[in-house]
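Everything below concerns the one structure shown next.
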Amino acid sequence: MKIIVDADGCPKGVLQSCLKQGKQRQIQVWTVANYHHQIESDNHITVDGASQEADMKVVNMTHKEDLVVTQDWGLAALILGKGARCLHPSGQEYQNDTIDFMLEERDMKARLRRSGGRTKGPSKRTAEEDQLFQDALIKMLEVSPGI
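Here our numbering runs 12 ahead of the position in the sequence shown, where the first position is 1.
Below is the structure:
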């Protein structure tokens, strides 16, 4: 088992939690980001800045027993399709039975934006949100068969 972090736009507290929990449990943590991001990690992969390149690297290195951390719903759908587990930085685990709805919502919002509409962006991240993520991560690692 390994933890793979889609580090393009990953909140700092989330990345720190992943690195800390991986070290405590002797689980490799891999970070993947394009060259525009400065990530400090023992196992970091830098990809070109092309669209979706980091996502494709994450997909290609993911195996069934892995845990992927991403806020990208499309990437999460691909990870679930590989049989791996996937966690959003909010602490929500992506599920097969809800991912289709999430992708439909994403598509609907994208169409709205293309037609000139506006959608609300994320609010500033709080310490409480970092703690919720850490609690969810610990819970997932405690029940994962790879440990």
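Glycine residues also receive a C-beta, built at the ideal position from the N, C-alpha and C atoms.
Assigned exposure category for residue i - 16 Cβ within 10 Å defines buried
{"i": "residue 159", "result": "For residue 159, the pLDDT reaches just 44, beneath the cut-off of 50, and the residue's location in the model is therefore unreliable, although a value from the coordinates is still provided. Looking at its Cβ environment, which holds fewer than 16 other Cβ atoms inside 10 Å, residue 159 is exposed."}
{"i": "residue 127", "result": "exposed"}
{"i": "residue 124", "result": "exposed"}
{"i": "residue 139", "result": "exposed"}
{"i": "residue 84", "result": "buried"}
Coarse secondary structure for residue i, derived from DSSP in three states
{"i": "residue 151", "result": "helix"}
{"i": "residue 159", "result": "With a pLDDT of only 44 at residue 159, under the threshold of 50, the placement of this residue in the model should not be trusted, and no figure is reported."}
Pair within 8 Å by beta-carbon distance, residue i and residue j
{"i": "residue 59", "j": "residue 18", "result": "no"}
{"i": "residue 148", "j": "residue 103", "result": "yes"}
{"i": "residue 153", "j": "residue 33", "result": "yes"}
{"i": "residue 106", "j": "residue 115", "result": "no"}
{"i": "residue 40", "j": "residue 55", "result": "yes"}
{"i": "residue 145", "j": "residue 70", "result": "no"}
{"i": "residue 89", "j": "residue 76", "result": "no"}
{"i": "residue 22", "j": "residue 134", "result": "no"}
{"i": "residue 53", "j": "residue 87", "result": "no"}
Inter-residue CB distance, residue i and residue j (contact presumed, cutoff 8 Å)
{"i": "residue 42", "j": "residue 24", "result": "Residue 42 to residue 24, Cβ: 17 Å. No contact."}
{"i": "residue 20", "j": "residue 45", "result": "5 Å"}
{"i": "residue 73", "j": "residue 16", "result": "6 Å"}
Extract the residue ranges of the beta strand (DSSP E) inside the segment 41-87, only unbroken runs of 3 or more that lie entirely within it.
56-59 and 79-81
Whole alpha helix (DSSP H) runs in the segment 13-45 with 4 or more residues, listed along the chain?
24-37
List in chain order: all unbroken alpha helix (DSSP H) runs of 4+ residues lying wholly within the segment 105-129.
108-126
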